[in-house]
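Enquirer: I'd like to ask some things about the structure below.
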């Protein structure tokens with residue numbers, strides 16, 4: 002009399018079928034719950050793919066070609082990168098200027114945004130003050146340069162020259178926007194003045210969103226002063242906002258262009274205020290060497306993306322939730 006039994010192969014097959022059905026059921030429940038949300042995100046995904054992903058891929062491809070818009074791209078391999086780092090002295094100057102700008106305006110702008118947001122948070126006129134801080138950031142760099150060019154004008158009618166001459170500090174007008182020693186500091190100063198943008202508003206919103214009960218509990222646990230409150234309570238609870246602000250500071254630091262060219266011209270005297278984006282613009286829209294400009298864009302993208310990933314690791318908020 003024959004007996005029926007299950008072989009190991011049959012058990013494995015049954016387990017695989019059960020796992021497949023469970024996965025299918027889980028996917029079905031997930032789709033039924035979230036299909037509308039993902040459907041509404043399709044326009045944003047399409048916009049992001051067309052205007053971000055495709056240009057980035059195209060830039061990587063064009064960086065290995067000679068392309069002047071009028072002719073089809075010609076493949077030249079790593080030649081653009083070799084020229085950029087080994088023979089383009091102006092690009093090396095632009096790297097130095099951009100790093101100086103980013104290292105000063107990035108951390109200082111980040112700190113000032115948080116400081117001013119923290120200062121005005123308890124004030125009754127918080128909304129008006131927030132508007133006053135935010136307004137310069139939404140004004141075009143060209144318009145702002147008109148105001149600051151009057152302040153730093155090189156004749157005796159410039160506001161700063163007139164003030165220093167009247168005090169006897171200067172004996173003759175100083176060319177603030179033409180001297181290589183003062184051009185970049187002025188650009189940094191104006192950029193900091195315009196830096197109270199989205200990061201400032203996000204910090205203000207984050208400060209207002211911190212649960213006040215945490216501060217009361219902190220006082221019970223020995224938190225004695227506002228500095229300790231910021232370090233032990235505010236900053237840990239604001240990691241998402243801090244991450245956003247730091248990324249925006251990096252993008253703004255490495256992407257400086259408008260205010261530098263509006264104040265000092267293109268090119269600036271002896272390239273003293275020449276930045277990476279200015280170099281990119283020069284080759285792309287003045288010389289029409291798009292392949293070489295794409296190489297500059299790729300290098301800038303890699304640096305910005307790499308620093309952003311480092312900040313994501315440092316300021317990740319996963320440990321909060």
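In our numbering, the protein residues as written are 2 to 322.
Cβ atoms here follow ideal geometry from the backbone N, Cα and C, with glycine treated the same way.
Small disclaimer: the values here were computed from a predicted structure and weren't measured.
(1) Relative to the C-alpha of residue 257, which candidate in 41, 103, 245 has its C-alpha closest?
(2) Given residue 143, which residues of its chain have a CB within under 6 angstroms of its CB, disregarding the five upstream and five downstream residues?
(3) Could you check whether residue 141 and residue 279 sit closer than 9 angstroms to each other, using their CB atoms as the reference points?
(4) Measure from the alpha carbon of residue 271 to the alpha carbon of each residue in 158, 184, 159, then state which is nearest.
(5) Once you ignore the five residues that flank residue 30 on each side, which residues in its own chain have a CB closer than 6 angstroms to its CB?
(6) How many whole angstroms separate the CB atoms of residue 224 and residue 233, which I take to be in contact at a CB cut-off of 8 angstroms?
(7) Should residue 294 be labelled buried (16 or more other beta-carbon atoms within 10 Å of its own) or exposed?
(8) Secondary structure at residue 131, three-state DSSP: helix, strand or coil?
(9) With distances taken between CB atoms, is the gap from residue 197 to residue 122 smaller than 9 angstroms?
(10) Tell me the start and end of each unbroken alpha helix (DSSP H) in the segment 208-278 that is at least 4 residues and wholly inside, in chain order.
(11) Evaluate the contact criterion for the segment 120-140 versus the segment 237-246: three or more CB pairs, one atom per stretch, below 8 angstroms.
(12) From residue 313 to residue 251, what distance separates their C-alpha atoms?
(13) Apart from the five residues just before and just after residue 303, which ones in its own chain have a Cβ nearer than 6 angstroms to its Cβ?
(14) Thinking C-alpha only, which one of 205, 201, 231 is nearest residue 398?
(15) Between 69, 56, 274, 99, which lies nearest to residue 290 when the distance is taken from Cα to Cα?
(16) Can you give me the Cβ contacts of residue 239 inside the same chain, cut-off strictly under 8 angstroms, excluding the 5 residues immediately before and after it?
(17) Count the other CB atoms within 10 Å of the CB of residue 79; is the residue buried (16 or more) or exposed (fewer)?
(18) Return the residue from the list 237, 119, 158, 136 that minimises the CA-CA distance to residue 316.
(19) Would you give the residue range spanned by the alpha helix (DSSP H) that residue 121 belongs to?
(20) In the DSSP assignment, what are the bridge partners of residue 1?
(21) By Cβ distance below 8 angstroms, which residues in the same chain neighbour residue 60 in space, the five residues on each side in sequence not counted?
(22) Buried or exposed: which applies to residue 218, given that a residue is buried once 16 or more other Cβ atoms fall within 10 Å of its Cβ?
(23) For residue 67, does the three-state DSSP call read helix, strand or coil?
(24) Can you tell me where the alpha helix (DSSP H) holding residue 289 begins and where it ends?
(25) Pull up the distance between the alpha-carbon of residue 65 and that of residue 253, whole angstroms please.
(26) Just to confirm, are residue 176 and residue 187 a CB contact at a threshold of 9 angstroms?
(27) What are the partner residues of residue 76, as DSSP defines its beta bridges?
(28) Just to confirm my understanding: we take residue 138, look at its own chain, exclude 5 residues before and 5 after, and list those with CB closer than 6 angstroms. What are they?
(29) Alpha carbon to alpha carbon, how far is residue 310 from residue 321? Give it in angstroms, no decimals.
(30) Is any non-hydrogen atom of the ligand COA found closer than 8 angstroms to the C-beta of residue 144, if you look at the structure I gave you?
Expert: Per the coordinate set shown:
(1) Nearest of 41, 103, 245 to residue 257, Cα basis: 103.
(2) Once the five neighbours on either side are set aside, the close Cβ partners of residue 143 are 263.
(3) For residue 279 and residue 141, no; Cβs fall outside 9 angstroms.
(4) Comparing Cα positions, the closest option is 184.
(5) Result list for residue 30: empty, nothing under 6 angstroms.
(6) At roughly 6 angstroms, the Cβ-Cβ gap stays under 8 angstroms, so residue 224 and residue 233 are in contact.
(7) Burial check for residue 294: the Cβ neighbour count within 10 Å reaches 16 or more, so the residue is buried.
(8) If DSSP states are grouped into helix, strand and coil, residue 131 belongs with the helices.
(9) In this structure, the beta-carbon distance from residue 197 to residue 122 does not fall below 9 angstroms.
(10) Unbroken alpha helix (DSSP H) stretches of 4 residues or longer found wholly inside the segment 208-278: 213-221, 227-230, 240-255, 259-265, given in chain order.
(11) No, the segment 120-140 does not touch the segment 237-246.
(12) A direct Cα-to-Cα measurement between residue 313 and residue 251 gives close to 12 angstroms.
(13) Non-local C-beta neighbours of residue 303 in its own chain, meaning closer than 6 angstroms and more than five positions away in sequence, are absent.
(14) With the chain represented from 2 up to 322, any question about residue 398 goes unanswered, as that position is not in the structure.
(15) Residue 290 has its Cα closest to that of 69, out of 69, 56, 274, 99.
(16) Same-chain partners within the cutoff: 204, 207, 208, 211.
(17) Residue 79 is exposed by the Cβ-count criterion.
(18) Comparing Cα-Cα distances from residue 316 to each of 237, 119, 158, 136, the minimum goes to 237.
(19) Residues 90-121.
(20) Lying outside 2 to 322, the shown extent of the chain, residue 1 is not represented and no answer is given.
(21) Around residue 60, the same chain offers 295, 298, 299, 302 as residues with beta carbons nearer than 8 angstroms, after the five sequence neighbours per side are excluded.
(22) Residue 218 counts as exposed, since fewer than 16 other C-beta atoms from the protein chains shown sit within 10 angstroms of its C-beta.
(23) Reduced to three states, the DSSP call for residue 67 is strand.
(24) No alpha helix (DSSP H) contains residue 289, which DSSP labels as neither H nor E.
(25) One C-alpha to the other measures close to 27 angstroms.
(26) No. Outside cutoff.
(27) Paired residues: 66.
(28) For residue 138, where only same-chain residues beyond five positions count, the Cβ hits under 6 angstroms are 195, 197, 198.
(29) Reliability fails at residue 321, whose pLDDT of 41 lies under 50, so the model's placement of it is uncertain and the value that follows must be treated cautiously. Here the C-alpha atom of residue 321 lies approximately 19 angstroms from the C-alpha atom of residue 310.
(30) The ligand COA is not part of this structure, which contains no ligands at all.
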